[in-house]
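Going by the working numbering, the first residue of the sequence shown is number 18, and it counts up by one from there.
All C-beta atoms in this analysis are idealised placements derived from N, C-alpha and C, irrespective of residue type, glycine included.
Below is one structure; the comments refer to it alone.
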Amino acid sequence: MTTRGYNNYNSLIIRTLNKISVFNKCRKDFFCEVVILLLSIKGRVNFLQLGRFGNFKEQRYRQQFEKPFPWLDFNKELTLSHGGSRFVIAFDPSYINKSGKKTPGVGWYWSGCAGQSKWGLEIGGLAAIDLDNHTAFHLEAVQTLIEDKQATS
């Protein structure tokens, strides 16, 4: 990534974080670092990879990811600052393939592509559709959690 691209992303993230919350400088710098790494690392991204390519140790990434982050507020602010004036809200449940039985929320979910219920995970995606620019902005994804009794039936 070029220096100009890095500076553009960094300033956009900092401006947005300043509008939505009172994060301290340390947390803002950390979040900027993570976004740049997510855009830069090729292949699988995990805490080990973040520690290898980033400025912080693996343990710092683990600890910071345990803290809550206001994704909906962050994405909403980005949408309002870069979108048009007319929006429609969309909700899309999405099936994610997952084998195994120990993952929280795993169970039988409807897959529209397969046209049947399949074993795995489901997320509910919330988006703002920009009618002026004919595009959509992702706002938030929430995992569907079901009770254990439902998962096996």
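Following the DSSP letters along the chain, one finds LYS45 inside the alpha helix (DSSP H) bounded by residues 42-57. Rounded to whole angstroms, the gap between the alpha carbons of PHE82 and VAL159 is 16 Å. Taking the CA atoms as reference points, PHE154 sits about 26 Å from GLY122.
Around PHE86, the same chain offers PHE48 as residues with beta carbons nearer than 8 Å, after the five sequence neighbours per side are excluded.
In this structure, DSSP gives PHE86 a state outside helix and strand, which the three-state scheme calls coil. Residue state for GLY71 is assigned as coil, using DSSP reduced to three classes. For LEU148, the three-state secondary structure derived from DSSP is coil. VAL159 is bridged by DSSP to GLY141.
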